[in-house]
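Worksheet: the structure to be examined is printed underneath.
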Amino acid sequence: MAYLGPKPTKPTSKIETNYYFFVSNLTAMSSKGVLVFDPSMVQTQPTLPKEFIWVGAKEGFMNSTENSNDGDHELNEPLVDLEGFFKGDEEGTKRAAELINKACVTHGFFQVMNHRVNPGLIRAAHDQLEGLFKLPLEKKLRVQRKAGDLWGYSGAHTDRFSKELPWKETFSFGYHFLDGRSIGSDRPIVVDYFKSTLGGEFKYAGWVYQRYCEAMKKLSLVIFELLAISLGAQCNGRYKSCLHRAVVNKERERRSLAFFVSPREDKVVRPPQDLFDRDEGDHDQGTRRYPDFKWTHLLEFTQKHHRADFTTLQCFFQWLPSSNLV
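Counting from 39, one number per residue, gives the positions in the sequence shown under my numbering.
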């Protein structure tokens with residue numbers, strides 16, 4: 039395995055983009071009294087704990103996909119080849135952009151190939167999950183997410199909710215992108231976070247995820263360039279936001295890496311003006327569907343006031359005028 043050590047860069051002080059990242063391990067939970075997510079007790083559960091039963095979840099999913107016939111069918115998401123884009127091939131770039139646009143208008147997700155993220159780095163990132171989630175429960179709880187925080191360990195989100203819990207563990211951390219550059223070798227933020235929360239023995243894991251975040255940042259910028267406009271509110275509701283849920287099975291654990299791209303917290307989110315200029319003849323698309331808002335306001339809403347679901351944006355804009363934030 040190649041060494042994944044620091045690459046010198048020059049840090050700046052202005053935050054341009056925050057990258058939210060978590061790794062998850064779908065296992066089980068067991069406790070009596072106070073809710074504690076303890077994967078080591080998975081085999082002791084004769085029945086599914088009531089806290090994990092989602093009442094009306096299927097109906098909500100079917101409504102969110104606007105499908106009145108069947109919410110359980112497999113979606114035919116496209117496999118987008120990025121090779122043409124990287125080679126500067128105009129036809130290949132156009133084809134990739136068309137596939138991404140169609141997927142986002144239809145259901146909101148797609149897969150990519152020839153993305154140029156090093157396969158060895160991807161394997162290393164997955165390999166480090168074992169050490170994270172096999173830690174003793176006491177140590178994981180010492181780095182548990184605090185109320186209102188985004189970073190740290192969470193077992194089934196029992197730190198926030200007491201019912202309709204997700205059957206998973208997550209470990210979240212931030213990667214900040216400053217003025218077009220990642221934070222330099224004098225302050226590798228992911229490495230520092232791993233060392234300060236989990237201890238020096240996780241320094242190597244920190245470097246793996248530091249490099250993984252840097253690679254995923256580059257890939258995310260490619261995808262945004264192909265989209266030309268962002269998802270959700272920034273495209274005036276034209277693109278779908280897919281309600282995503284991982285299905286748990288009793289045969290094996292499912293490990294996932296997720297990389298979330300968000301604007302800096304003081305960024306005002308609005309659709310590009312040329313989106314309206316292009317849609318002047320379309321009354322539905324030419325009208326603003328969402329008011330301007332700051333990303334930090336949406337973060338506060340989803341972390342303190344509302345559990346994210348397929349109604350999040352609508353509920354957010356109903357709440358915002360009375361929040362004293364604007």
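Even for Gly, the Cβ is constructed at its ideal location relative to N, Cα and C.
*Whole-Å CB distance - Ser192 paired with Arg183, under 8 Å assumed*: Residue numbering aside, residue 192 sits at position 154 when the sequence shown is read from its first letter. Residue numbering aside, residue 183 sits at position 145 when the sequence shown is read from its first letter. Right, the Cβ-Cβ distance comes to about 5 Å (below 8 Å), so this counts as a contact.
*If you draw a straight line from the alpha carbon of Gly212 to that of Lys206, how long is it in whole angstroms?*
Locating residue 212 in the sequence shown gives position 174, counting from the first residue. Locating residue 206 in the sequence shown gives position 168, counting from the first residue. Each residue's Cα considered, the two are about 20 Å apart.
*asked:* Just list the residues that DSSP pairs Gly193 with in beta bridges.
replied: For the purposes of this step, residue 193 is taken as the residue at position 155 of the sequence shown. Its beta-bridge partners are Glu207.
_Given a cut-off of 8 Å on the beta-carbon distance, is the pair Lys201 and Glu129 in contact?_
By 1-based counting over the sequence shown, the position of residue 201 is 163. By 1-based counting over the sequence shown, the position of residue 129 is 91. Not in contact: Lys201 and Glu129 (Cβ atoms no closer than 8 Å).
*Smallest Cα separation from Val143: which of Ala346, Pro116 and Ser210?*
Counting from one through the sequence shown, the residue named residue 143 turns up at place 105. Residue Pro116 is the option with its Cα nearest to Val143.
_heavy atom of the ligand COA below 7 Å from Leu257 C-beta_ = Looking at this structure, you won't find the ligand COA or any other ligand, since it has none at all.
*From Thr350 to Gln341, what does the alpha carbon distance come to, in whole angstroms?*
Within the sequence shown, the letter at position 312 stands for residue 350. Within the sequence shown, the letter at position 303 stands for residue 341. Distance between the alpha carbons of Thr350 and Gln341: 12 Å.
*Looking only at its own chain, which residues have a Cβ that is under 7 Å from the Cβ of Ala253, when we skip the five neighbours before and after it?*
Taking the sequence shown and counting its residues from 1, the one referred to as residue 253 is at position 215. Closer than 7 Å at Cβ, skipping near neighbours: Val155, Asn156 and Leu159.
*Backbone secondary structure at His214 - three-state DSSP*: Translated into positions along the sequence shown, residue 214 becomes position 176. Three-state DSSP puts His214 in a strand.
*Does the beta-carbon of Val150 have 16 or more other beta-carbons within 10 angstroms, so that it is buried, or is it exposed?*
Position 112 of the sequence shown, counting from 1, holds the residue named residue 150. With 16 or more other Cβ atoms within 10 Å, it is buried.
_Cβ-based burial, Ala346 [other Cβ within 10 Å; buried from 16]_ = Looking up residue 346 in the sequence shown gives position 308. That one is exposed.
*For Asp230, which three-state DSSP category applies?*
Position 192 of the sequence shown, counting from 1, holds the residue named residue 230. The answer is helix: DSSP assigns Asp230 an H, G or I state.
*Between Thr334 and the rest of its own chain, which residues show a CB-CB distance below 7 Å, the 5 nearest in sequence each way excluded?*
The residue you call residue 334 lines up with position 296 of the sequence shown. Correct list, in chain order: Glu303 and Asp304.
*Can you grab the Cα-Cα spacing for the pair Val93 / His153, in whole Å?*
By one-based count along the sequence shown, residue 93 stands at place 55. By one-based count along the sequence shown, residue 153 stands at place 115. Distance between the alpha carbons of Val93 and His153: 39 Å.
*Rounded to a whole number of angstroms, what is the C-alpha to C-alpha distance between Gly146 and Asn114?*
On the sequence shown, residue 146 is found 108 positions in, with the first residue counted as 1. On the sequence shown, residue 114 is found 76 positions in, with the first residue counted as 1. Those two C-alpha atoms are separated by around 11 Å.
*asked:* Please report the straight-line C-alpha distance between Thr103 and Ala141, rounded to a whole angstrom.
replied: Residue 103 sits at position 65 when you count from the first residue of the sequence shown. Residue 141 sits at position 103 when you count from the first residue of the sequence shown. Interpretation of Thr103 is limited by its pLDDT of 48, a score under 50 that renders its predicted location unreliable; the figure taken from the coordinates is listed afterwards. Cα to Cα, the separation comes out at about 13 Å.
*Through-space distance from Val299 to His343, alpha-carbon basis*: Taking the sequence shown and counting its residues from 1, the one referred to as residue 343 is at position 305. Taking the sequence shown and counting its residues from 1, the one referred to as residue 299 is at position 261. Their Cα atoms are separated by approximately 22 Å.
*asked:* Taking the beta strand (DSSP E) that Leu86 belongs to, which residues open and close that run?
replied: Within the sequence shown, numbered from 1, the residue matching residue 86 stands at position 48. No beta strand (DSSP E) holds Leu86; DSSP gives it neither H nor E.
*Distance between Ala134 and Gly122 (C-alpha atoms, nearest Å)*: Here residue 122 corresponds to residue number 84 of the sequence shown, with the count starting at 1. Here residue 134 corresponds to residue number 96 of the sequence shown, with the count starting at 1. Cα-Cα distance, rounded: 8 Å.
_Quick check: what's the CA-CA separation for Trp189 versus Leu120?_
Translated into positions along the sequence shown, residue 189 becomes position 151. Translated into positions along the sequence shown, residue 120 becomes position 82. Looking at the two C-alpha atoms, the distance is approximately 31 Å.
*Identify, in the order they occur along the chain, each residue of the same chain with its Cβ nearer than 6 Å to the Cβ of Phe331, setting aside the five sequence neighbours on each side.*
For the purposes of this step, residue 331 is taken as residue 293 along the sequence shown, with counting starting at 1. For Phe331, where only same-chain residues beyond five positions count, the Cβ hits under 6 Å are Val307.
*Taking the CB atoms as reference points, tell me whether Val229 and Cys251 lie closer together than 8 Å.*
To locate residue 229, count along the sequence shown from 1; it is residue 191. To locate residue 251, count along the sequence shown from 1; it is residue 213. In this structure, Cys251 does not lie closer than 8 Å to Val229 by Cβ.
*For Lys70, which of helix, strand or coil comes out of DSSP?*
As a first step, residue 70 is located in the sequence shown; it is residue number 32 there, counting from the start. Residue placement at Lys70 is flagged as unreliable, the pLDDT there being 45, under the threshold of 50; a coordinate-derived value is accordingly withheld.
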